[in-house]
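Chains as they are written, first to last, in our numbering: chain G, 2 to 216; chain R, 2 to 216; chain Z, 2 to 216; chain A, 2 to 216. Okay, so here's the structure we're looking at.
4 protein chains.
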Amino acid sequence: METETGRVEAFSDGVFAIIITILVLELKVPEETGSDFWHGVREQWPHYAAYVVSFLIIGVMWVNHHTIFGHIKRVDRPLLFLNLLVLMVVSVIPYTTNVLAEHLMEEGGSANAAAVLYSLLTVAYALAFLAFWWYVTRVGHLFHDQVDKAGARATRVRFGLGAIAYPLTVVLAFVSAPLTLVAHFLIALYYAANQIPIPLVVEEERLETASDLRK
Amino acid sequence: METETGRVEAFSDGVFAIIITILVLELKVPEETGSDFWHGVREQWPHYAAYVVSFLIIGVMWVNHHTIFGHIKRVDRPLLFLNLLVLMVVSVIPYTTNVLAEHLMEEGGSANAAAVLYSLLTVAYALAFLAFWWYVTRVGHLFHDQVDKAGARATRVRFGLGAIAYPLTVVLAFVSAPLTLVAHFLIALYYAANQIPIPLVVEEERLETASDLRK
Amino acid sequence: METETGRVEAFSDGVFAIIITILVLELKVPEETGSDFWHGVREQWPHYAAYVVSFLIIGVMWVNHHTIFGHIKRVDRPLLFLNLLVLMVVSVIPYTTNVLAEHLMEEGGSANAAAVLYSLLTVAYALAFLAFWWYVTRVGHLFHDQVDKAGARATRVRFGLGAIAYPLTVVLAFVSAPLTLVAHFLIALYYAANQIPIPLVVEEERLETASDLRK
Amino acid sequence: METETGRVEAFSDGVFAIIITILVLELKVPEETGSDFWHGVREQWPHYAAYVVSFLIIGVMWVNHHTIFGHIKRVDRPLLFLNLLVLMVVSVIPYTTNVLAEHLMEEGGSANAAAVLYSLLTVAYALAFLAFWWYVTRVGHLFHDQVDKAGARATRVRFGLGAIAYPLTVVLAFVSAPLTLVAHFLIALYYAANQIPIPLVVEEERLETASDLRK
Numbered sequence: 002m003e004t005e006t007g008r009v010e011a012f013s014d015g016v017f018a019i020i021i022t023i024l025v026l027e028l029k030v031p032e033e034t035g036s037d038f039w040h041g042v043r044e045q046w047p048h049y050a051a052y053v054v055s056f057l058i059i060g061v062m063w064v065n066h067h068t069i070f071g072h073i074k075r076v077d078r079p080l081l082f083l084n085l086l087v088l089m090v091v092s093v094i095p096y097t098t099n100v101l102a103e104h105l106m107e108e109g110g111s112a113n114a115a116a117v118l119y120s121l122l123t124v125a126y127a128l129a130f131l132a133f134w135w136y137v138t139r140v141g142h143l144f145h146d147q148v149d150k151a152g153a154r155a156t157r158v159r160f161g162l163g164a165i166a167y168p169l170t171v172v173l174a175f176v177s178a179p180l181t182l183v184a185h186f187l188i189a190l191y192y193a194a195n196q197i198p199i200p201l202v203v204e205e206e207r208l209e210t211a212s213d214l215r216k
Numbered sequence: 002m003e004t005e006t007g008r009v010e011a012f013s014d015g016v017f018a019i020i021i022t023i024l025v026l027e028l029k030v031p032e033e034t035g036s037d038f039w040h041g042v043r044e045q046w047p048h049y050a051a052y053v054v055s056f057l058i059i060g061v062m063w064v065n066h067h068t069i070f071g072h073i074k075r076v077d078r079p080l081l082f083l084n085l086l087v088l089m090v091v092s093v094i095p096y097t098t099n100v101l102a103e104h105l106m107e108e109g110g111s112a113n114a115a116a117v118l119y120s121l122l123t124v125a126y127a128l129a130f131l132a133f134w135w136y137v138t139r140v141g142h143l144f145h146d147q148v149d150k151a152g153a154r155a156t157r158v159r160f161g162l163g164a165i166a167y168p169l170t171v172v173l174a175f176v177s178a179p180l181t182l183v184a185h186f187l188i189a190l191y192y193a194a195n196q197i198p199i200p201l202v203v204e205e206e207r208l209e210t211a212s213d214l215r216k
Numbered sequence: 002m003e004t005e006t007g008r009v010e011a012f013s014d015g016v017f018a019i020i021i022t023i024l025v026l027e028l029k030v031p032e033e034t035g036s037d038f039w040h041g042v043r044e045q046w047p048h049y050a051a052y053v054v055s056f057l058i059i060g061v062m063w064v065n066h067h068t069i070f071g072h073i074k075r076v077d078r079p080l081l082f083l084n085l086l087v088l089m090v091v092s093v094i095p096y097t098t099n100v101l102a103e104h105l106m107e108e109g110g111s112a113n114a115a116a117v118l119y120s121l122l123t124v125a126y127a128l129a130f131l132a133f134w135w136y137v138t139r140v141g142h143l144f145h146d147q148v149d150k151a152g153a154r155a156t157r158v159r160f161g162l163g164a165i166a167y168p169l170t171v172v173l174a175f176v177s178a179p180l181t182l183v184a185h186f187l188i189a190l191y192y193a194a195n196q197i198p199i200p201l202v203v204e205e206e207r208l209e210t211a212s213d214l215r216k
Numbered sequence: 002m003e004t005e006t007g008r009v010e011a012f013s014d015g016v017f018a019i020i021i022t023i024l025v026l027e028l029k030v031p032e033e034t035g036s037d038f039w040h041g042v043r044e045q046w047p048h049y050a051a052y053v054v055s056f057l058i059i060g061v062m063w064v065n066h067h068t069i070f071g072h073i074k075r076v077d078r079p080l081l082f083l084n085l086l087v088l089m090v091v092s093v094i095p096y097t098t099n100v101l102a103e104h105l106m107e108e109g110g111s112a113n114a115a116a117v118l119y120s121l122l123t124v125a126y127a128l129a130f131l132a133f134w135w136y137v138t139r140v141g142h143l144f145h146d147q148v149d150k151a152g153a154r155a156t157r158v159r160f161g162l163g164a165i166a167y168p169l170t171v172v173l174a175f176v177s178a179p180l181t182l183v184a185h186f187l188i189a190l191y192y193a194a195n196q197i198p199i200p201l202v203v204e205e206e207r208l209e210t211a212s213d214l215r216k
């Protein structure tokens, strides 16, 4: 049975909101007292940096999730489970963030290994998102009427090409863990500015009318 | 007084979203440095496996909760409390997940005992869900008009039969804790694919119209 | 400026959902292995008991919050802050729950003291709720048209009388901490079954029509 | 593409609700037993005080966020990211709250340093909020039709002037950490009572009609 998108969006919003917020639980209180306090704060910088990068990554994913669902009219059972798969992978981000922050400044390979783990998870959620987008565009039966289904299907190539950036960060992780974190920051910025434009068969005005009616 | 389902769904979505997300808080950062890092990651596998199984279980329960509420028009006070009972039991899953993961590879019976605890909780939420579904279908006064009330009531037998799988996992837990985890994974997959189909007296098209009007 | 109740309900639902769910974070994994495992589980019983009682308390408060907002049409700034006060006090419940569970079986007065703390917080949220309900019923300008404003105002006496149970649990806490927990369980059951019935000037049917139109 | 505000508000509500609720996780259970219990509770007072102040700060910010979005009709991509920036900074509050509470009663400068950190974050979110409000009022293309765009733009001066209070608390932090906490409490109370009134070109009645229609 196909149903409306309302509750899936609400559930997904909840999961995204919680994941992005529990990132802060990984920031450790500096225990140094007196004049050493600021020294203790500075030593936390890998956690602060990882917090900012992961917050941006999750935020950008939420924006894109939001954009895609703005073009979907109904959900069916496979979509619910593909959405659940995306959420399952994304929910692990606070963990890999913490692992990376804890090991970022270590020597002897564990920093690189932690960066590999962090990057592998980004590959995983890129694949999950790709599967989700593949299913949505394959038939296009869940789209709003105004969406150009053939055009939406065509975005899959570009979407897939963009996803190549993630496996490359796994390679970069063997070179430098801090550079890997910078790379993920830049990729998130790129996806913040460059959404996959979903073409419409009618002018935007009509879609807005339609989505107003839907509510 | 009977009221609409909106806020109950929102509250339940919130609880499901939080439960499914705090599962990640149980994943421990490996403390090993240098070349031992991956060894430390591998040692966490019971936590990773338990994370995936419990995420799937909670996700499937959310999908079924979502499906049932898609057929309910109004809520009354008993339903609110039966729903609360379901949520109370489901909310314990992150705890039993953690207990099972911590003890999964131990010898001397504690792994089996932890698996028994995990399985007993699944029996508890199967019973809570059954009570919820029993109440909804008993009179059927809360259903949408399009729902075939007699047909919905008839699903209770199949629903109850399916629930027998849970007590069987309690027995299996005495044999092997890892096998019990696998069994719960398979049961969740089964419920993902096999919902209780709630029959409608009219064609699906009309229900959709009705639920559009409701919003 | 008066606005609709939608976002206040969504925010409050979120807070209630999180408070009720993070209760589970206080359950400790038993560290005993082998045949001592169940002994370790049994020792956690104060945490399990406190979990059930506090889950019920928060759930009942959510149901009553839900019921009151079902009769409110608009919110103004004072109401937003009175609602925030209620949420601030309720949010402390996971803390006092944990304090009580940790000290429940101790001798030498700390169990009683923890029960006093737990009970004092229930007095605090009863007062906050009372202030909230007092403000809503004082003028009644935020109610739906169908609500009998004079009748709603009259419920304040009964509401206030019921609240006397909370200070009594503070006294009981000096006698026995476990009994205090039982008392709170019974009070929650009482409020689950006995809502303050808000009288309507018209038959219920019309209110439902009105709330359907509002959506 | 511009879309409706519904999901942004839901996501933001979720984040605000979680931030305000996880503050309670920082309250520590007193470990003292017997007659020392209350002594242990009293020693937690910096955590209790910091909890109340931060709860109020986040609550007031939510109310103001709620008020602003009540006047916005559509969101575009820059607004989504400015909103995300606000949320990113606000999400750090539980961390700085905990840092301040841990060090508040220490001697030798770390209390002041922690208060500086706490105050610097308030400067950061004042700036983020200012950027958000600047963008919304610059063109005013996202406002409801009833909003007086020139009047809304004029509020920016007052908004900016009010924000001067935050850097002043950074200075105050060098003098006294407890006084800084008191100052933040007073500033939050000030913003609770003094919203930036957004002028309307029509009487309030019509805006309400419009927002009713929008739903």
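We treat Cβ as the ideally placed atom computed from N, Cα and C, and that holds for glycine.
Unbroken alpha helix (DSSP H) run spanning residue i, endpoints
i                 : result
Ala-125 (chain A) : 111–140
Asp-14 (chain Z)  : 7–23
Val-64 (chain G)  : 46–70
Ile-94 (chain G)  : 94–104
Leu-26 (chain G)  : Element bounds for Leu-26 (chain G): n/a, residue is neither H nor E.
Interface partners of residue i on chain A, CB under 7 Å
i                 : result
Gly-141 (chain G) : Ordered by position in chain A, no residue passes the 7 Å Cβ test against Gly-141 (chain G), which lies about 18 Å from the chain.
Trp-1 (chain G)   : Given that chain G is displayed from residue 2 to residue 216, the structure contains no residue 1 (chain G) and the question cannot be resolved.
Interface residues of chain A facing residue i [CB-CB closer than 9 Å]
i                : result
Met-89 (chain Z) : Ile-21, Tyr-52, Val-53, Phe-56, Leu-57, Gly-60
CB-CB length for residue i against residue j, believed under 8 Å
i                 : j                 : result
Ile-19 (chain Z)  : Ile-19 (chain R)  : 6 Å
Tyr-167 (chain G) : Ala-127 (chain G) : 5 Å
Leu-182 (chain R) : Leu-101 (chain R) : 7 Å
Val-93 (chain A)  : Leu-122 (chain A) : 6 Å
Ile-23 (chain Z)  : Pro-95 (chain Z)  : 5 Å
Leu-26 (chain R)  : Tyr-52 (chain R)  : That belief does not hold up - the Cβ atoms of Leu-26 (chain R) and Tyr-52 (chain R) are roughly 10 Å apart, past 8 Å.
Met-89 (chain G)  : Pro-47 (chain G)  : Their Cβ separation, rounded to whole angstroms, is 26 Å, which puts Met-89 (chain G) and Pro-47 (chain G) out of contact at 8 Å.
Val-124 (chain G) : Val-54 (chain G)  : 16 Å between Cβ atoms; not a contact.
Phe-70 (chain A)  : Glu-10 (chain A)  : 5 Å
Gly-35 (chain A)  : Gly-109 (chain Z) : 3 Å
Val-16 (chain Z)  : Ile-21 (chain A)  : 7 Å
Chain R contact residues for residue i, given Cβ-Cβ distances below 9 Å
i                 : result
Trp-134 (chain Z) : Those do not exist, as Trp-134 (chain Z) stays about 17 Å from chain R at its closest Cβ, beyond 9 Å.
Chain G contact residues for residue i, given Cβ-Cβ distances below 8 Å
i                 : result
Tyr-96 (chain A)  : Val-25, Leu-28, Val-30
Thr-138 (chain R) : Per Cβ cutoff of 8 Å: no residues; Thr-138 (chain R) is ~17 Å from chain G at best.
Proximal chain A residues relative to residue i, where beta-carbon distance stays under 8 Å
i                : result
Asp-14 (chain G) : Arg-8, Ala-11, Phe-12, Gly-15
Phe-82 (chain Z) : Gly-60, Val-64, Ala-193
Buried or exposed by the 16-neighbour rule on C-beta atoms within 10 Å, applied to residue i
i                 : result
Gly-7 (chain G)   : buried
Leu-162 (chain G) : exposed
Leu-169 (chain Z) : exposed
Ala-189 (chain A) : buried
Leu-85 (chain R)  : buried
Val-176 (chain G) : exposed
Val-117 (chain R) : buried
Leu-1 (chain R)   : The first residue shown for chain R is 2 and the last is 216, placing residue 1 (chain R) beyond what the model contains.
Tyr-119 (chain R) : buried
Neighbouring residues, chain Z, relative to residue i (Cβ below 7 Å)
i                : result
Val-93 (chain R) : Val-25
Under 9 Å from the C-beta of residue i: neighbouring residues of chain G
i                 : result
Ile-104 (chain A) : Looking at the sequence itself, residue 104 (chain A) is His, so the reference to Ile does not match. Those are Val-30, Pro-31, Thr-34, Phe-38, listed as they occur along chain G.
Closer than 7 Å at the beta carbon, the chain G residues around residue i
i                : result
Ala-18 (chain R) : Phe-12, Gly-15, Val-16, Ile-19
Partners in chain R for residue i, counting only beta-carbon separations shorter than 7 Å
i                : result
His-67 (chain Z) : Arg-8
Residues that residue i contacts on chain R, provided the C-beta gap is smaller than 8 Å
i                 : result
Val-171 (chain Z) : Simply none; closest approach about 26 Å.
Leu-122 (chain G) : Near Leu-122 (chain G) there are no residues of chain R at all, since even the closest Cβ is about 11 Å away, more than 8 Å.
Length at least 4, wholly inside the segment 139–200 of chain Z: the alpha helix (DSSP H) runs in chain order: If we require 4 residues or more, the alpha helix (DSSP H) runs fully inside the segment 139–200 of chain Z come out as 150–163, 166–176, 178–194.
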